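Novice: Can you read through this structure? Questions will come right after.
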Amino acid sequence: MDNTRLILFIVLSFISYMIWDAWQKDYGPKPAPTPTTAAAPTTAKSEKNDLPSVNASPVPATTPADSAQHAESRNAVHVRTDLLALEINLRGAVIDRAALLAYPIDPKTPDVPFQLMAADSTRFFIAQGGLKAEGESPDHHAAFTSAATEYKLDANTPELVVPLTWTSPAGVAVTKEFVFKRGSYEVNIRYRVKNASAEAWRANEYEQLQRMPDPGQSRIVKTFTGAALSTPEKSYKKFEFSALQKEPLKVQAKGGWIAVQEHYFVSALIPPATDANHYYSSAIDSTHFAVGYYGPAFTVAPGAEQVVETRLYAGPKLQDSLGQIAPGLELTIDYGILWFIAKLLFWGLTHIHGIIGNWGWAIILLTVFVKGMFYPLSAAGYRSMAKMRRVQPRLLAIRERYGDDRARLNQAMMDLYKEEKINPLGGCLPILIQVPVFISLYWVLLESVELRQANFMFWIHDLSTKDPLFVLPLIMGVSMFFQQKMNPAPVDPVQAKVMQVLPFAFTVFFAFFPSGLVLYWVVNNVLSIAQQWYITRSIEQAHGAHAH
3 MDNTRLILFI
13 VLSFISYMIW
23 DAWQKDYGPK
33 PAPTPTTAAA
43 PTTAKSEKND
53 LPSVNASPVP
63 ATTPADSAQH
73 AESRNAVHVR
83 TDLLALEINL
93 RGAVIDRAAL
103 LAYPIDPKTP
113 DVPFQLMAAD
123 STRFFIAQGG
133 LKAEGESPDH
143 HAAFTSAATE
153 YKLDANTPEL
163 VVPLTWTSPA
173 GVAVTKEFVF
183 KRGSYEVNIR
193 YRVKNASAEA
203 WRANEYEQLQ
213 RMPDPGQSRI
223 VKTFTGAALS
233 TPEKSYKKFE
243 FSALQKEPLK
253 VQAKGGWIAV
263 QEHYFVSALI
273 PPATDANHYY
283 SSAIDSTHFA
293 VGYYGPAFTV
303 APGAEQVVET
313 RLYAGPKLQD
323 SLGQIAPGLE
333 LTIDYGILWF
343 IAKLLFWGLT
353 HIHGIIGNWG
363 WAIILLTVFV
373 KGMFYPLSAA
383 GYRSMAKMRR
393 VQPRLLAIRE
403 RYGDDRARLN
413 QAMMDLYKEE
423 KINPLGGCLP
433 ILIQVPVFIS
443 LYWVLLESVE
453 LRQANFMFWI
463 HDLSTKDPLF
473 VLPLIMGVSM
483 FFQQKMNPAP
493 VDPVQAKVMQ
503 VLPFAFTVFF
513 AFFPSGLVLY
523 WVVNNVLSIA
533 QQWYITRSIE
543 QAHGAHAH
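Dropping the structure here:
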């Protein structure tokens, strides 16, 4: 019993350390970015190397886009909707900035939105695309023109269309339209082709996301940051950037989507479900990667017109809407190995939050519900610990009698357990029940964008980050200390000292955990103390009445 409890606490401590390490990587101080030297401007020929090969397989290696050129060039169209603020570079009609207006970087600065896409040396993430044909074509290196430099979605307008135009010397005119809808992070992209030349014009539509991974992604437990592909044959598969460098992605499928995902947010290219698309990746170098697709070839006869459409999603991982945008897109919300428990917890949290409107109180009420649901198992464990506490003097006497004779000591202890009908593993149940719920709730707090910067009350303004005053971790440590005092002390003095140190160790660990997780643990401990006190008191009263 003593060894089992010690092992369980050590395992829980190790799990806590891994989660703390993950949290530090996600929320802790970030290392100063390593300065990067801007690439020299490339020639037109070398720039064309980052186009997908649509006539041969495999897709050739690409070259990184010139981040300095993107950053310095202000020949861009500025777009603003109710949810997005974008810059579309007229050189290639490339989205090289995308800010999410509803998601500030810090709640203290609500007017500074999170930059999902940017063309900076420290964070390089852009969306490229176009039509590839023989000779001159409107790819992401072509020069587009726009009738205006500012486009804004008016309050009474449900849709905003941003048209950019390109015309070949032969007379092929292409209008690339970015279509934004109110209340949506989807961007519909349309290519309107008018062939005024004397010959048929054949092209392939392609889209790709080029990304420089963020530094400091190596950790024991982490939220996934990388690429993801979904097809009807395989609904969701993740790819680390390092893996794509070794083995480029080459998949042909009808429908599906390809994405780059990160903590809380995802950018996905979603071609028409009826098209047979070629999905690919390119490890440009050790710092730049591209993932994308190209569609089937189409031909526009002289004097004819044709429209090609696709979609881009660039926004938060909202669980209620991702699955409606594209099948399997909701799987980008990575809840880890215990995802099935995490989804149940999130479902419960959202329903409670829908009633009371506060995520902190939702966590408290969910904890009460979970404790009530597992009360029969917890009660069995607490009864076992109460019985162990009652026979503690006899256990100490057995230890003194047999000393270092481990075989006879263990046999005598087992005989005592059998006589008193004590299950030596029964006291482990309360701990075993808490571990999967604890880990699952951690992932819910870490991955659910709905809880990002969620306010509670008093000094806690963000349940997804640590308690700024460390009050909750201290309360948690005190509650754990009192909880230990209610349990039978280990017979082994070394184990007893280890157990005494654990509340202090856990207080330090939890000082850097998301405050929402610490809130759950505090409420769980308080409820556990109340349950254990009630059960222990009932057993002692029953034993006293039986003795009389």
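Per the working numbering: the sequence shown = residues 3 to 550. Each residue gets a CB set at the ideal place from its N, CA and C atoms; glycine is no exception. None of the values given here were measured: they were computed from a predicted structure.
1. Can you give, in chain order, each stretch of the alpha helix (DSSP H) that sits fully within the region 175-222 and has at least 4 residues?
2. Is the CB-CB distance between L368 and L351 below 7 Å?
3. Quick check: what's the CA-CA separation for V525 versus I366?
4. Helix, strand or coil for I424, going by three-state DSSP, please let me know.
5. Decide if T301 is buried, meaning its Cβ has at least 16 other Cβ atoms within 10 Å, or exposed.
6. So the beta strand (DSSP E) M119 belongs to, where does it begin and stop?
7. Cα separation between E452 and P171?
8. Measure from the C-beta of V293 to each C-beta in chain B and report whether the shortest distance is under 7 Å.
9. Cβ atoms of L314 and L246: under 7 Å apart, would you say?
10. Grab me the residues of E235's own chain with a C-beta within less than 7 Å of its C-beta, minus the 5 sequence neighbours each way, in chain order.
11. Sort R192, T169, L447 and L521 by Cα distance to S199 and report the nearest one.
12. Alpha carbon to alpha carbon, how far is G404 from K468?
13. Pair every Cβ in the region 475-490 with every Cβ in the region 369-381, then say whether three or more of these pairs are closer than 8 Å.
14. Here's a check: name, in chain order, each residue in its chain whose Cβ is nearer than 8 Å to the Cβ of Q533, leaving out the five neighbours to either side.
15. Out of K487, D464 and Y266, point me to the one whose CA is closest to W445's CA.
16. Let me know the secondary structure DSSP gives V393 once reduced to three states.
17. Could you tell me if T523 is buried or exposed, where buried requires 16 or more neighbouring beta carbons within 10 angstroms of its beta carbon?
18. Rounded to the nearest angstrom, what separates T334 and L320 at their Cα positions?
19. For the beta strand (DSSP E) containing G294, name the first residue and the last one.
20. Tell me the DSSP secondary structure of H463 in three-state form.
21. Run through the DSSP bridge pairs and tell me what T169 is partnered with.
22. Can you tell me which of the three DSSP states K345 falls into?
23. Is there contact here, the region 95-112 with the region 120-128, by at least three beta-carbon pairs under 8 Å?
24. Are the beta-carbon atoms of S148 and V79 separated by less than 7 Å?
25. Are G518 and L465 closer than 7 Å when you measure CB to CB?
26. Does the distance from the CB of L211 to the CB of V310 come in under 7 Å?
27. Quick one: does the C-beta of E264 sit closer than 6 Å to a heavy atom of the ligand GTP?
28. In this structure, does DSSP put S450 in helix, strand or coil?
29. Going straight from the alpha carbon of K134 to that of R213, what length do you get?
30. Do K196 and E89 have their C-beta atoms within less than 7 Å of each other?
31. With 16 other CB atoms within 10 Å as the buried threshold, where does K423 fall?
32. For the alpha helix (DSSP H) that contains G479, what are its first and last residues?
33. Quick test of the definition: if touching needs 3 or more C-beta pairs under 8 Å, does the region 501-521 touch the region 352-365?
34. Measuring CB to CB, does V268 end up less than 7 Å from A261?
35. Taking D108 as the reference, which of A120, Y238 and H463 has the closest Cα?
36. Bridge partners for W259 per DSSP, in chain order?
Specialist: Answer, in terms of the structure:
1. Runs of the alpha helix (DSSP H) inside the region 175-222: none found.
2. Taking the first residue of the sequence shown as 1, we reach residue 368 at position 366. Taking the first residue of the sequence shown as 1, we reach residue 351 at position 349. For L368 and L351, yes; Cβs fall inside 7 Å.
3. Within the sequence shown, residue 525 is the residue found at index 523, counting from 1. Within the sequence shown, residue 366 is the residue found at index 364, counting from 1. Spanning the two alpha carbons is a distance of roughly 7 Å.
4. Locating residue 424 in the sequence shown gives position 422, counting from the first residue. Coil.
5. What you label residue 301 is simply residue 299 of the sequence shown in a count that begins at 1. With fewer than 16 Cβ atoms within 10 Å of its Cβ, T301 is classed as exposed.
6. As a first step, residue 119 must be located in the sequence shown, where it is residue number 117. Residues T111 to A121.
7. Indexing the sequence shown from 1 puts residue 452 at position 450. Indexing the sequence shown from 1 puts residue 171 at position 169. The alpha-carbon of E452 is positioned some 50 Å away from that of P171.
8. Of the protein chains in this structure there is only one, and it is not chain B.
9. The residue given as residue 246 occupies position 244 in the sequence shown. The residue given as residue 314 occupies position 312 in the sequence shown. 7 Å or more divides the Cβ of L246 from the Cβ of L314.
10. Numbered from its first residue, the sequence shown carries residue 235 at position 233. Closer than 7 Å at the Cβ level, and outside the excluded window around E235, lie A255.
11. As a first step, residue 199 is located in the sequence shown; it is residue number 197 there, counting from the start. Its Cα nearest to that of S199, the residue T169 stands out among R192, T169, L447 and L521.
12. What you label residue 404 is simply residue 402 of the sequence shown in a count that begins at 1. What you label residue 468 is simply residue 466 of the sequence shown in a count that begins at 1. A quick correction: the sequence has Tyr, not Gly, at residue 404. Whole-angstrom Cα-Cα distance: 49 Å.
13. These segments do not touch.
14. Start at 1 with the first residue of the sequence shown, and residue 533 comes out as number 531. Cβ within range, chain order: K373, Y377, S380, A381 and Y384.
15. For the purposes of this step, residue 445 is taken as residue 443 along the sequence shown, with counting starting at 1. Ranking K487, D464 and Y266 by CA distance to the CA of W445 puts Y266 first.
16. Taking the sequence shown and counting its residues from 1, the one referred to as residue 393 is at position 391. Three-state DSSP puts V393 in coil, outside helix and strand.
17. Residue 523 sits at position 521 when you count from the first residue of the sequence shown. At residue 523 the sequence reads Trp, which differs from the Thr that was named. Looking at its Cβ environment, which holds 16 or more other Cβ atoms inside 10 Å, W523 is buried.
18. The count along the sequence shown starts at 1 and reaches residue 334 at position 332. The count along the sequence shown starts at 1 and reaches residue 320 at position 318. Looking at the two C-alpha atoms, the distance is approximately 10 Å.
19. Counting from one through the sequence shown, the residue named residue 294 turns up at place 292. Segment F291 to Y296, the beta strand (DSSP E) holding G294.
20. The residue you call residue 463 lines up with position 461 of the sequence shown. Coil.
21. As a position in the sequence shown, residue 169 is number 167, starting the count at 1. Paired residues: A175.
22. Here the question's residue 345 lines up with position 343 in the sequence shown. Residue state for K345 is assigned as helix, using DSSP reduced to three classes.
23. Under the three-pair Cβ rule at 8 Å, the region 95-112 counts as touching the region 120-128.
24. Residue 148 sits at position 146 when you count from the first residue of the sequence shown. Residue 79 sits at position 77 when you count from the first residue of the sequence shown. In this structure, S148 sits near V79, with a CB-CB distance shorter than 7 Å.
25. As a first step, residue 518 is located in the sequence shown; it is residue number 516 there, counting from the start. As a first step, residue 465 is located in the sequence shown; it is residue number 463 there, counting from the start. A contact, by the Cβ cut-off of 7 Å.
26. Looking up residue 211 in the sequence shown gives position 209. Looking up residue 310 in the sequence shown gives position 308. The answer is no: Cβ separation not under 7 Å.
27. Of ligands this structure carries none, so the ligand GTP is not represented either.
28. Indexing the sequence shown from 1 puts residue 450 at position 448. Coil at S450, not helix or strand.
29. Along the sequence shown, read from residue 1 onward, the residue named residue 134 stands at position 132. Along the sequence shown, read from residue 1 onward, the residue named residue 213 stands at position 211. Each residue's Cα considered, the two are about 21 Å apart.
30. For the purposes of this step, residue 196 is identified with residue 194 of the sequence shown, where counting begins at 1. For the purposes of this step, residue 89 is identified with residue 87 of the sequence shown, where counting begins at 1. In this structure, the beta-carbon distance from K196 to E89 does not fall below 7 Å.
31. The count along the sequence shown starts at 1 and reaches residue 423 at position 421. So K423 ends up on the exposed side.
32. For the purposes of this step, residue 479 is taken as the residue at position 477 of the sequence shown. Looking at the DSSP string, the run of the alpha helix (DSSP H) that includes G479 is V473 to K487.
33. With a cut-off of 8 Å, the region 352-365 and the region 501-521 count as touching, because enough Cβ pairs lie within range.
34. As a first step, residue 268 is located in the sequence shown; it is residue number 266 there, counting from the start. As a first step, residue 261 is located in the sequence shown; it is residue number 259 there, counting from the start. Closer than 7 Å, so yes.
35. The residue given as residue 108 occupies position 106 in the sequence shown. Per the C-alpha coordinates, the member of A120, Y238 and H463 positioned closest to D108 is H463.
36. The residue given as residue 259 occupies position 257 in the sequence shown. Beta-bridge pairing links W259 to S232.
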